[in-house]
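In my numbering, the protein residues as written are 650 to 1000. The beta carbon of each residue, even a glycine, is placed where N, CA and C say it ideally should be. Input: a single structure, listed below in structure tokens.
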Amino acid sequence: MNLNDKEFFSQSVHKYIVYKDIDETLKKYRKRVLSELHLRNLTEDFFKDRVLIDVGTGFQAIVASQMGAKFIYHLDQSKSQVLWMQEYCRLNGIHNIKSIQCDITKNIPIEDNSIDIVLFFGVWHHLITPSDFIRQLIPKLHVKESYVWLRVYRFGSWSRWLVENLRQISKKTDLHVIENLLNIRYPHLSSDQYKGDALDDLFAPVWGAFHPRQFYIECVATFINYKDFEYNFNDNDENFRVDFNLNNENIELFKKFNFPDKGECQTDFKFNKDYEIANEIQNIFNNWDEVIGSDNLEDKLITLYELVRKKPIFNFYTQVYIEDNSCADFTKRLELLLHILNTFKKEQKCI
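Okay, structure coming up:
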């Protein structure tokens, strides 16, 4: 991929899901932040007069500012992202956000003992050594009371299992070719979120799916909206949420914990008898070169990705209509996926 990893998201993902319509993006992020608060039985007043860190696009920082936060440090590795945020704040008279370009795993240029809340949503699984971020973060937290909120890709969810397999295929393709094909196949503006998600899932330089047990610290970690997190292919969120509500009594446990840098591999998992079809599918993915080959690889990749997200499409490549609710039942999902893979296998035999 001929793209600076630090600028991958700003140049290839966020241009579809963030910058096309700033007002709509802010509405979307406000809904997301409110949803995160509601999951924790909190209101937007929770941010009032507190000092926050927001890692990522910075739109959560803008929302937190609107909700009364005292000050927000927006951190991102992308120079272009930070410059955009600085200019946005200048033009809109926002004075309580400081946007900083930095590698958060090496240095966080913020005063020690100053942070009340850390919003770390959708970032952990894109870092090579996220545990180093925690080590850099700890001195910055208020020792009397602070909150660190994580949202991380979940091992065992349908979309993360399928994407991990598809990433083995995307390594053999070119990002720009896939991006052009996505724009041809989905030309409408309403598909931009879908295209951005696809590029994120398939080409993010670092990617992993984690199990909640990797973050369990007794008396410190709180899992939000906790459900069965084993391999279940259910239609729950593809993320899990874990909070660390820290104080003088438990901060040492947090400091000593061995936070995970890598998720758990999903491509060598052996399913039980209830998921025999999944074993058959996994075997095809693991032997892709021999079973399916490299012909029309980009088209096949985009076709398979349609099963990751809910999207009603009549696919011209497989002539299969993917109904909007096809992602609601794991059996239907697996059957449709196997049908498409078998179509590819038959095509390969005819060559």
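Report yes if the C-beta distance between residue i and residue j is below 7 Å; otherwise report no.
{"i": "Thr-754", "j": "Asp-781", "result": "yes"}
{"i": "Leu-1004", "j": "Ile-930", "result": "Beyond the ends of the chain as shown, which are 650 and 1000, falls residue 1004; an answer cannot be given."}
{"i": "Tyr-796", "j": "Ile-757", "result": "no"}
{"i": "Gly-705", "j": "Val-801", "result": "no"}
{"i": "Val-731", "j": "Ser-714", "result": "no"}
{"i": "Arg-862", "j": "Ile-873", "result": "no"}
{"i": "Leu-768", "j": "Asp-703", "result": "yes"}
{"i": "Leu-830", "j": "Lys-844", "result": "no"}
{"i": "Met-716", "j": "His-723", "result": "no"}
{"i": "Gln-750", "j": "Lys-728", "result": "yes"}
{"i": "Tyr-678", "j": "Val-700", "result": "no"}
{"i": "Lys-719", "j": "Ile-759", "result": "no"}
{"i": "Gly-912", "j": "Gly-857", "result": "yes"}
{"i": "His-791", "j": "Asn-762", "result": "yes"}
{"i": "Ile-783", "j": "Phe-908", "result": "yes"}
Which same chain residues, not among the five before or five after residue i, have their C-beta less than 7 Å away from its C-beta?
{"i": "Val-957", "result": "Ser-808, Leu-811, Val-812 and Asp-850"}
{"i": "Val-855", "result": "His-775, Leu-776 and Ile-777"}
{"i": "Asn-896", "result": "Lys-793 and Glu-794"}
{"i": "Asp-752", "result": "Gln-726"}
{"i": "Phe-993", "result": "Ile-941 and Lys-949"}
{"i": "Lys-904", "result": "Ile-787"}
Identify, in the order they occur along the chain, each residue of the same chain with its Cβ nearer than 6 Å to the Cβ of residue i, setting aside the five sequence neighbours on each side.
{"i": "Ile-866", "result": "Leu-902 and Phe-906"}
{"i": "Tyr-966", "result": "Unreliable placement is indicated for Tyr-966, whose pLDDT of 42 sits below 50; the coordinate value is still reported in the next sentence. Within the same chain, Tyr-966 has close Cβ partners Asp-948 and Thr-952."}
{"i": "Phe-770", "result": "Arg-800"}
{"i": "Asp-698", "result": "Lys-719"}
Can you list, in chain order, the residues of its chain with a C-beta nearer than 8 Å to that of residue i? Leave out the 5 residues immediately preceding and following it.
{"i": "Leu-950", "result": "Leu-815, Ile-818, Ser-819, Thr-822, Ile-827 and Leu-851"}
{"i": "Phe-1031", "result": "Here the chain covers residues 650 to 1000 and nothing more, so residue 1031 does not appear."}
{"i": "Ala-870", "result": "Phe-864, Val-891, Asp-892 and Phe-893"}
{"i": "Thr-916", "result": "Glu-813, Asn-814, Gln-817, Gln-931, Phe-934 and Asn-935"}
{"i": "Tyr-835", "result": "Tyr-843 and Lys-844"}
{"i": "Asp-694", "result": "Met-716 and Gly-717"}
{"i": "Leu-686", "result": "Thr-692, Glu-693 and Phe-695"}
Grab the span of the beta strand (DSSP E) containing residue i for me, first residue to last.
{"i": "Asp-892", "result": "888-896"}
{"i": "Ala-718", "result": "Looking at the DSSP string, Ala-718 is not in any beta strand (DSSP E), and its letter there is neither H nor E."}
{"i": "Ile-702", "result": "700-704"}
{"i": "Phe-872", "result": "870-873"}
Does residue i have its Cβ less than 7 Å from a Cβ in chain C?
{"i": "Pro-861", "result": "Checking the listed chains, one finds no chain C in this structure; it contains a single protein chain."}
So is residue i buried or exposed if we call it buried at 16+ other beta carbons inside 10 Å?
{"i": "Ile-941", "result": "buried"}
{"i": "Glu-642", "result": "With the chain covering 650 to 1000 only, the question about residue 642 has no answer from this structure."}
{"i": "Pro-779", "result": "buried"}
{"i": "Cys-868", "result": "exposed"}
{"i": "Gly-742", "result": "exposed"}
{"i": "Ile-671", "result": "exposed"}
{"i": "Leu-691", "result": "exposed"}
{"i": "Asp-841", "result": "buried"}
{"i": "Leu-740", "result": "exposed"}
{"i": "Cys-914", "result": "exposed"}
{"i": "Ile-721", "result": "buried"}
{"i": "Gln-764", "result": "For the sequence presented, residue 764 should be read as Ile rather than Gln. Ile-764 is buried by the Cβ-count criterion."}
{"i": "Leu-848", "result": "buried"}
{"i": "Arg-803", "result": "buried"}
Tell me the residue span of the alpha helix (DSSP H) that contains residue i.
{"i": "Val-957", "result": "It is not in any alpha helix (DSSP H) - Val-957 carries neither H nor E in the DSSP assignment."}
{"i": "Lys-677", "result": "671-688"}
{"i": "Ile-711", "result": "708-715"}
{"i": "Phe-903", "result": "900-905"}
{"i": "Val-940", "result": "937-940"}
Is residue i near the ligand COA, going by C-beta to nearest heavy atom under 6 Å?
{"i": "Phe-720", "result": "Among the ligands in the structure shown, none appear at all, so the ligand COA cannot be discussed."}
Length-filtered (4 minimum) alpha helix (DSSP H) runs lying within the region 821-861
Runs of the alpha helix (DSSP H) spanning 4 or more residues and lying entirely within the region 821-861 occur at 824-834 and 841-852, in chain order.
Entirely within the region 731-759 and at least 3 residues each: give me those beta strand (DSSP E) ranges in chain order.
Unbroken beta strand (DSSP E) stretches of 3 residues or longer found wholly inside the region 731-759: 746-750, given in chain order.
Every unbroken alpha helix (DSSP H) within the region 749-821, with a cutoff of 4 residues, ordered by chain:
Runs found: 779-786 and 807-819.
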